[in-house]
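Okay, structure first, notes after.
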């Protein structure tokens with residue numbers, strides 16, 4: 094725990110500086126510091142289903158980005174393209190400066206180990222305990238038992254699940270299951286974390302906890318991309334917002350709200366936005 | 005670490021998916037049991053059919069009271085004839101003794117011995133028996149028959165019987181062979197389908213594993229090992245049951261029934277090896293092939 098905590102704090106400072114920097118200037122195409130870059134990416138499904146239409150944007154390393162839009166606007170398509178579950182029809186996707194269409198089938202699993210993924214329906218392995226679910230992500234990479242013994246309890250403590258180590262997923266609440274899935278996504282410390290509607294199945298109270306966790310992970314330097322419907326959450330956090338409509342990017346705004354309409358900033362989570370240390374906030378994680 | 009990990013994963017998933025695992029095990033057990041009973045039966049039947057075919061004979065009847073010189077001449081002639089495997093001389097007296105033993109009352113009535121001296125020929129190939137008859141007693145244009153030697157009264161292969169034996173044994177061999185092939189196909193389909201079902205019920209799990217960055221091999225091996233373990237267990241149970249059946253039922257009967265004692269029946273050890281091999285291989289292949297579809301994400 095202590096080691097990870099130190100690690101997180103060390104990265105926090107770096108990330109805070111970066112965040113400040115990121116706030117000042119938007120990501121530019123071709124910048125080597127971009128974590129994700131899409132160039133005119135198009136993906137269409139058979140007939141009526143919406144895909145992605147000439148989407149172009151870039152996300153800097155260490156950024157926290159909300160992806161908003163109605164159901165069918167292409168958010169999930171974008172996520173699935175990024176984990177190479179789908180192939181784009183046109184355009185290029187660069188992750189960490191690398192064109193992912195160049196990856197061979199054999200390389201895909203290794204590519205995915207550098208991306209943490211969190212889903213609305215958690216996608217936990219139903220017949221494994223909390224501990225084993227998280228450990229699986231490490232076993233996949235060929236980690237030794239020693240590493241697993243060191244890392245898994247650490248990350249579970251960080252996500253507030255130390256007491257539920259030996260529970261099965263269906264013995265946990267939705268919020269707890271999502272914490273497990275985040276723990277699994279982050280146990281390898283991937284440079285990029287994707288969350289597709291992470292709070293879609295959760296009540297507002299629980300959602301705040303989940304979003305805090307994602308924010309905390311972001312502050313260690315991990316780039317976080319969250320696709321969401323959650324108006325309240327986006328409005329509170331005031332991070333960069335990319336809005337999709339029918340596969341097109343219709344808005345890309347730093348420190349934006351869910352809706353484009355200009356409004357007075359009444360963010361209850363102002364602290365989240367500025368990246369300051371907020372005692373109440375951090376206490377929520379150390380319970 | 006890795007092999008141990010795969011083994012642990014396989015055993016865990018058998019434990020966690022007790023019902024589909026049991027179904028797979030049971031289908032291996034049942035099909036191998038049937039196969040294990042059927043293979044020796046097919047072999048024994050084929051062996052018996054071959055044995056019957058081996059008994060097809062051509063009888064060469066000599067003229068009544070043929071002198072010793074004629075008998076020797078005919079013997080030499082038969083020895084030169086193509087397609088004859090074995091020549092056996094049955095004297096008139098011996099034939100009478102043998103026949104009287106079979107049917108004492110009839111021969112009692114008969115009083116004297118009506119049987120001629122006979123040569124029993126065993127043909128090289130039972131299917132060629134009729135050709136041999138024609139060679140020794142060629143058909144004349146008028147429809148009758150001459151003989152290759154004046155001392156030969158007639159040549160018979162009990163045509164009808166021979167024909168029947170040949171057809172019947174061929175049908176038996178073909179039928180059992182066909183049944184065996186069908187049974188093997190059915191076993192393979194049944195086992196691989198059951199394995200497929202249990203893999204299908206876990207396709208979500210496979211999808212999650214892929215998303216976490218597991219390589220195909222990493223996902224596949226536990227499934228294959230699981231299939232092998234279930235196949236081996238099912239085969240082992242089938243073999244045990246077969247062993248019990250052999251000791252309790254077949255062995256006591258062997259003494260009484262020639263069919264069961266057919267010399268070329270498969271050895272029990274070899275049968276066990278075949279069954280174990282089939283069980284393990286089919287289950288493992290079934291797992292690997294069923295998985296292929298779900299790995300394409």
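Protein chains in written order, with this note's numbering: chain H, 94 to 380; chain D, 5 to 301.
Glycine is no exception: its CB is placed at the ideal position from the N, C-alpha and C atoms.
Cβ separation of residue i and residue j, assumed to be a contact under 8 Å, to the nearest whole Å
| i | j | result |
| --- | --- | --- |
| residue 273 (chain H) | residue 254 (chain H) | 6 Å |
| residue 162 (chain H) | residue 336 (chain H) | 6 Å |
| residue 83 (chain D) | residue 242 (chain D) | Rounded, the Cβ-Cβ distance is 53 Å, inconsistent with contact. |
| residue 338 (chain H) | residue 166 (chain H) | 5 Å |
| residue 398 (chain H) | residue 317 (chain H) | Nothing can be reported for residue 398 (chain H), as the shown portion of chain H is limited to 94 through 380. |
| residue 70 (chain D) | residue 121 (chain D) | 6 Å |
| residue 136 (chain D) | residue 88 (chain D) | 7 Å |
| residue 38 (chain D) | residue 253 (chain D) | 16 Å between Cβ atoms; not a contact. |
| residue 285 (chain D) | residue 239 (chain D) | About 10 Å separates the two Cβ atoms, so there is no contact after all. |
| residue 271 (chain H) | residue 215 (chain H) | 6 Å |
Euclidean distance between Cα positions of residue i and residue j
| i | j | result |
| --- | --- | --- |
| residue 79 (chain D) | residue 91 (chain D) | 8 Å |
| residue 379 (chain H) | residue 283 (chain D) | Caution is warranted here: a pLDDT of 42 is assigned to residue 379 (chain H), below 50, making its placement in the model unreliable, and the coordinate value is therefore given only provisionally. Computed Cα separation, rounded: 54 Å. |
| residue 139 (chain D) | residue 73 (chain D) | 22 Å |
| residue 111 (chain D) | residue 124 (chain D) | 22 Å |
| residue 189 (chain D) | residue 300 (chain D) | 27 Å |
| residue 44 (chain D) | residue 272 (chain D) | 9 Å |
| residue 59 (chain D) | residue 128 (chain D) | 11 Å |
| residue 138 (chain H) | residue 343 (chain H) | 20 Å |
| residue 259 (chain H) | residue 265 (chain H) | 11 Å |
| residue 269 (chain H) | residue 257 (chain H) | 9 Å |
| residue 11 (chain D) | residue 176 (chain H) | 29 Å |
| residue 275 (chain D) | residue 171 (chain H) | 57 Å |
| residue 200 (chain D) | residue 167 (chain D) | 49 Å |
| residue 65 (chain D) | residue 145 (chain D) | 22 Å |
| residue 214 (chain D) | residue 146 (chain H) | 27 Å |
| residue 233 (chain H) | residue 219 (chain D) | 8 Å |
| residue 369 (chain H) | residue 309 (chain H) | At residue 369 (chain H) the pLDDT is 43, less than 50, meaning the model places this residue with poor confidence; the figure from the coordinates comes in the next sentence. If I take the Cα positions, the gap works out to 12 Å. |
| residue 104 (chain D) | residue 42 (chain D) | 41 Å |
| residue 192 (chain H) | residue 244 (chain D) | 58 Å |
| residue 161 (chain D) | residue 115 (chain D) | 27 Å |
| residue 216 (chain D) | residue 195 (chain H) | 20 Å |
| residue 298 (chain D) | residue 164 (chain H) | 27 Å |
| residue 8 (chain D) | residue 347 (chain H) | 50 Å |
| residue 238 (chain H) | residue 6 (chain D) | 11 Å |
| residue 14 (chain D) | residue 267 (chain H) | 29 Å |
| residue 337 (chain D) | residue 212 (chain D) | Residue 337 (chain D) falls outside the range modelled here, since chain D spans only 5 to 301, and no answer is possible. |
| residue 114 (chain H) | residue 155 (chain H) | The predicted model places residue 114 (chain H) with a pLDDT of 46, which falls under 50 and marks its position as unreliable, so this point remains unresolved. |
| residue 298 (chain H) | residue 235 (chain D) | 50 Å |
| residue 23 (chain D) | residue 205 (chain D) | 11 Å |
Per-residue contacts from residue i into chain D (C-beta, under 7 Å)
| i | result |
| --- | --- |
| residue 233 (chain H) | 216, 217, 218 and 222 |
| residue 202 (chain H) | 217, 218 and 219 |
| residue 210 (chain H) | 215 |
| residue 230 (chain H) | 216 |
Interface partners of residue i on chain D, CB under 9 Å
| i | result |
| --- | --- |
| residue 242 (chain H) | Under the 9 Å cutoff, chain D gives no residues; its nearest Cβ is about 13 Å from residue 242 (chain H). |
| residue 205 (chain H) | 214, 215, 216, 217 and 218 |
heavy atom of the ligand FAD below 6 Å from residue i C-beta
| i | result |
| --- | --- |
| residue 175 (chain H) | Of ligands this structure carries none, so the ligand FAD is not represented either. |
* Asked: Mind listing which residues of the stretch 212 to 226 of chain H have their C-beta closer than 8 Å to chain D's C-betas, in chain order?
  -> 216, 217, 218, 219 and 220
* Residues from the stretch 9 to 20 of chain D in contact with chain H, defined by Cβ distance under 7 Å -> 9 and 20
* Short-range partners of chain H found in the stretch 208 to 220 of chain D, where Cβ spacing is below 9 Å -> 208, 209, 211, 212, 213, 214, 215, 216, 217, 218, 219 and 220
* Asked: Which of the residues in the stretch 131 to 163 of chain H, read from start to end, lie with their CB under 7 Å from any CB of chain D?
  -> none
* Report yes or no: do three or more beta-carbon pairs, one from the stretch 290 to 297 of chain H and one from the stretch 129 to 149 of chain H, lie closer than 8 Å? => no
* **Contact between the stretch 322 to 337 of chain H and the stretch 347 to 354 of chain H (3+ Cβ pairs under 8 Å)** => At 8 Å Cβ cutoff, the stretches touch.
* To do: Examine the Cβ distances between the stretch 207 to 215 of chain H and the stretch 148 to 157 of chain H and report whether three or more of them are shorter than 8 Å.
  => no
* Using a beta-carbon distance cut-off of less than 8 Å, what residues from the stretch 259 to 279 of chain H approach chain D? -> 277
* Asked: Taking any Cβ of chain D, which residues in the stretch 175 to 201 of chain H have a Cβ under 8 Å from it, in chain order?
  -> 176, 178 and 199
* Asked: Touching or not, the stretch 240 to 248 of chain H and the stretch 188 to 203 of chain H, by the rule of three or more beta carbon pairs under 8 Å?
  -> no
* Asked: Would you call the stretch 227 to 245 of chain D and the stretch 16 to 36 of chain D touching, i.e. three or more CB-CB distances under 8 Å?
  -> yes
* Contact between the stretch 283 to 293 of chain D and the stretch 189 to 204 of chain D: three or more CB pairs below 8 Å? -> yes
* To do: Tell me, please, whether the stretch 220 to 237 of chain H touches the stretch 180 to 188 of chain H by the rule of three or more beta-carbon pairs shorter than 8 Å.
  => no
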